[in-house]
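Chemist: Protein chains in written order, with our numbering: chain B, 62 to 342; chain Y, 2 to 280.
Dropping the structure in here first, questions after.
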Amino acid sequence: MSRSAARLRLVFTAVPLLLMGLVLLVPALAGLLIPLTGRGHAFRAYRAVLADPMFGAALRNNLLIPLLSLGIEFAGGFALALFVTWRRSPLVEIAVVVPFALPEIVLLALARFIFLPRGYLNGALLAAGGVPVDWLRPGSWLALLTVSVVDAWHVTPVVMLILAAGLRSIPAELYEAALLDGAGRLSLFRHITLPLMAPALASALLLRGFDAMRIFSTVLVLAGAEGTPVLSTYAYQLWSDQLAPGRAMAAASLLGLLVTVLGLAGLGLGRRLSRQRGSLP
Amino acid sequence: MVRRVLARLLSGSLVLAGFGPLYLLAKQAITPELESFAWPPFWLPHRLTAAHLRAVFALSELRSVLARSLAVAALSAVLATALGAMLGYAMARGRRERAAGLGLISVTRLLPMIAVAIPLALALIVLGLYDTQSGIGLALVHGAVALPTAVLTSFSGFAGLPVELEEAAWLDGAGPLRAFFSVVLPAVRPFLAATFILTFLLSWDEFGFALLIQVTHRTLPPLLYYYTVFGDVGPASALALVMLLPAIAVVVMLRPMLGQTTALSALPGGVAPGERRDA
């Protein structure tokens, strides 16, 4: 009996993994290898991409936007987690998860209506006696910041949920004991909340870090493929506008390599940190 | 007193930040485009029109996009739920299966959409599944993309089920396959329903693969993108409202999770300052 059960498990594992492998993994590997074997010079597609100044700009933005976005969403997510647990109001609870519940493309359409030169934000600024600002001027630092803010806006609710779950896992006795010992609220936060939240923070950072580096639609909708390129939109533009599939696959694969290398480094760092922490008394 | 006012103010601005943009979207959907282009912008609707909303369901082009989106989402959700239940079950019952499943899931989760979508589009062109009227190629892709989510959701259902349940069925003479269908699956029905809803929404909302694979026979997200970028504010807003309908289900599903986190306020100290004030 257990033999036929094992056979069933094998089939049940093989079929789904085959679909995932064929649809996701094989194309990604093919995209990595095909540009290596172009007619004429090998590596030509990779060399062409690496020599393109647009690639340099895309790479820079691809590192800056995640950093900005992670900073904003973790500060905001932590503050929201604290606030929502303090003031319990169903209306506020729903309001703070709305940005994540919206389909991404709806949120981005909204962001465009808000941040365009004649959008609602500038309208509000004008009404308040301010001067309209060009939030999305192609190539500007402000556009980079706006894209990061919108990206953070979308996922802050998720970060909030993860961090709130981390907060919940801290035993109340720790706080009671520290209060008895005369600890102030700031030192409670510094010496209990933060260190015990470290695992939740680290895993949320890692998870969101991968996502943030793969940013695509936010940039495409808000800034267009050429104004503020990241690697995904750069590859998309090579594919759909320049009809250069070889270079497009090369650029996309370089992003894949970047995410993998940084991801593995992050995982290793996280593991080393947790080992060090474990050795502490 | 000051703190209470401050908290009210903060709550108010959070509610405004959450719902304000939605209000503006709804306003654009039900007013003539002339009002949406006004400068400085109108904050309240002056004249109302149902033209944009009616167009979503009346224009044959839009109606076919709506139908395609529904079909792709339904097909990919069925695919992901079925395959997810298979792998989830195998992973819950075997250690090697668990290692293999988790391994491939973590690898595929690292892949950027664009690194998969471009070579995949080339492959679909060769197979004749690229940009089809029915969107079947995209449904297949969405099924695979949603599979990790489906596996993890149904895995938690199977993992909570005692092995004795199947073993009893085996003793009664049912083969493993029959035991799976008539004993195990019915026991995890709520998990399967949740998996179906989640994976349906993943496909319904998905933009990147849809943009690259359904170039002329579009689904809703790319269509909304083109309307937005080309400044068709009225149709874009009406379309966005239609796209929201399934998302409302997510809010309803996320709320209980949030409700659990509010059990936090039982904690003293920095975590729940509001409670301490009363103490």
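Cβ atoms here follow ideal geometry from the backbone N, Cα and C, with glycine treated the same way.
Could you compute how far the alpha carbon of GLY139 of chain Y sits from the alpha carbon of ILE126 of chain B?
Modeler: According to the sequence provided, residue 139 of chain Y is Leu. The question's Gly does not apply to it. Answer to the nearest angstrom: the Cα atoms are 29 Å apart.
Chemist: For the putative contact between PRO149 of chain Y and THR109 of chain Y, defined by C-beta atoms under 8 Å, what is the C-beta separation to the nearest angstrom?
Modeler: Indeed, because the Cβ distance is near 7 Å, the residues count as touching under 8 Å.
Chemist: Taking 6 Å as the limit between beta carbons, can you name the residues of its chain near ALA296 of chain B, skipping five residues before and five after?
Modeler: Only ALA309, ALA312, ALA313 meet the Cβ criterion.
Chemist: Within this structure, are the beta carbons of LEU88 of chain Y and PHE73 of chain B separated by less than 8 Å?
Modeler: In contact: LEU88 of chain Y and PHE73 of chain B (Cβ atoms closer than 8 Å).
Chemist: Can you have a look at ALA51 of chain Y and say buried or exposed, based on whether 16 or more other CB atoms are within 10 angstroms of its CB?
Modeler: Answer is exposed; the Cβ neighbour count stays below 16.
Chemist: Let me know the secondary structure DSSP gives HIS143 of chain Y once reduced to three states.
Modeler: Note: HIS143 of chain Y maps to helix in three-state DSSP.
Chemist: Which runs of the alpha helix (DSSP H), 4 residues or longer, sit entirely within the region 7-79 of chain Y?
Modeler: You should have 34-37, 52-59.
Chemist: What are the complete alpha helix (DSSP H) segments, minimum 4 residues, inside the region 128-155 of chain B?
Modeler: Correct list: empty.
Chemist: Within the 8 Å Cβ cut-off, does THR321 of chain B reach chain Y?
Modeler: Chain Y, which has a Cβ nearer than 8 Å to the Cβ of THR321 of chain B, makes this yes.
Chemist: Of all the residues that make up the region 181-215 of chain B, which are near chain Y by a beta-carbon distance shorter than 8 Å?
Modeler: Of all residues in the region 181-215 of chain B, TYR181, GLY184, LEU187, ALA188 have a Cβ within less than 8 Å of some Cβ in chain Y.
Chemist: What residue does the alpha helix (DSSP H) around MET114 of chain Y start on, and which one ends it?
Modeler: From DSSP, the alpha helix (DSSP H) with MET114 of chain Y extends over 114-128.
Chemist: Does the beta carbon of MET94 of chain Y come closer than 8 Å to any beta carbon on chain B?
Modeler: A small correction: the amino acid at residue 94 of chain Y is Arg; Met does not occupy that position in the sequence shown. True, the Cβ-Cβ gap to chain B drops below 8 Å.
Chemist: Along the chain, which unbroken stretches of the alpha helix (DSSP H) at least 4 residues long are found entirely within the region 195-240 of chain B?
Modeler: Within the region 195-240 of chain B, the complete alpha helix (DSSP H) runs of at least 4 residues are 202-229.
Chemist: Please confirm whether SER301 of chain B and LEU316 of chain B have their CB atoms less than 8 Å apart.
Modeler: Against a cut-off of 8 Å, the Cβ pair of LEU316 of chain B and SER301 of chain B comes out as no contact.
Chemist: To the nearest angstrom, how far is the alpha carbon of VAL291 of chain B from that of ALA160 of chain Y?
Modeler: VAL291 of chain B and ALA160 of chain Y: Cα-Cα distance of roughly 41 Å.
Chemist: Under 8 Å between C-beta atoms, does VAL280 of chain B make it to chain Y?
Modeler: It does not; no Cβ of chain Y falls within 8 Å.
Chemist: Among B:PRO77, B:PRO114, B:VAL76, which residue has its Cα nearest to the Cα of THR289 of chain B?
Modeler: The option with the nearest alpha carbon to THR289 of chain B is B:PRO114.
Chemist: Would you report the Cα separation of LEU153 of chain Y and PHE197 of chain Y, rounded to the nearest angstrom?
Modeler: Taking the straight line from one Cα to the other gives about 12 Å.
Chemist: Could you please give the first and the last residue of the uninterrupted alpha helix (DSSP H) stretch that includes LEU38 of chain B?
Modeler: Residue 38 of chain B lies beyond the stretch modelled for chain B, which goes from 62 to 342, so this question has no answer here.
Chemist: If you pair each beta-carbon of the region 20-39 of chain Y with each one of the region 171-186 of chain B, do three or more pairs fall below 8 Å?
Modeler: Yes: the two stretches touch, three or more of their Cβ pairs being nearer than 8 Å.
Chemist: Could you check if ILE249 of chain Y is buried or exposed, using at least 16 other CB atoms within 10 Å of its CB as the buried criterion?
Modeler: Exposed, because fewer than 16 other Cβ atoms sit within 10 Å of the Cβ of ILE249 of chain Y.
Chemist: For chain Y, find out if any of its Cβ atoms is closer than 8 Å to the Cβ of PRO306 of chain B; answer yes or no.
Modeler: Answer yes: the Cβ-Cβ gap between PRO306 of chain B and chain Y drops below 8 Å somewhere.
Chemist: Three or more C-beta pairs closer than 8 Å, one from the region 114-121 of chain Y and one from the region 204-220 of chain Y: is that the case here?
Modeler: Yes, the region 114-121 of chain Y touches the region 204-220 of chain Y.
Chemist: Please list the terminal residues of the continuous alpha helix (DSSP H) segment that includes SER278 of chain B.
Modeler: Residues 278-288.
Chemist: Would LEU10 of chain Y count as contacting chain B if we go by Cβ distances under 8 Å?
Modeler: By this cut-off, LEU10 of chain Y is not an interface position.
Chemist: Apart from the five residues just before and just after PRO178 of chain B, which ones in its own chain have a Cβ nearer than 7 Å to its Cβ?
Modeler: For PRO178 of chain B, where only same-chain residues beyond five positions count, the Cβ hits under 7 Å are PRO193, ASP195.
Chemist: Could you have a look at LEU246 of chain Y and say whether DSSP puts it in helix, strand or coil?
Modeler: In this structure, LEU246 of chain Y counts as helix in the three-state DSSP scheme.
Chemist: Closest Cβ-Cβ distance between MET87 of chain Y and chain B: below 8 Å?
Modeler: By this cut-off, MET87 of chain Y is an interface position.
Chemist: Are any of the Cβ atoms in chain Y nearer than 8 Å to that of ARG332 of chain B?
Modeler: With 8 Å as the cut-off, ARG332 of chain B does not count as an interface residue toward chain Y.
Chemist: Please classify PHE104 of chain B: is it buried, with 16 or more other beta-carbons within 10 angstroms of its beta-carbon, or exposed?
Modeler: Result: exposed.
Chemist: Answer yes or no: do TYR181 of chain B and PRO42 of chain Y have a C-beta to C-beta separation smaller than 8 Å?
Modeler: Yes, these two residues count as a Cβ contact at 8 Å.
Chemist: Does ALA116 of chain Y have its Cβ less than 8 Å from a Cβ in chain B?
Modeler: By this cut-off, ALA116 of chain Y is an interface position.
Chemist: Mark VAL153 of chain B as exposed unless 16 or more other C-beta atoms lie within 10 angstroms of its C-beta, in which case mark it buried.
Modeler: By the neighbour-count rule (16 or more Cβ atoms within 10 Å), VAL153 of chain B is buried.
Chemist: Determine the chain B residues that contact MET2 of chain Y at a beta-carbon separation under 8 Å, and present them in chain order.
Modeler: Ordered by position in chain B, no residue passes the 8 Å Cβ test against MET2 of chain Y, which lies about 15 Å from the chain.
Chemist: Starting from GLU167 of chain Y, follow the alpha helix (DSSP H) in both directions and report where the run begins and ends.
Modeler: Counting along the chain, the alpha helix (DSSP H) containing GLU167 of chain Y begins and ends at 165-172.
Chemist: Mind checking which residues open and close the alpha helix (DSSP H) that includes SER107 of chain Y?
Modeler: SER107 of chain Y -> alpha helix (DSSP H) spans 96-111.
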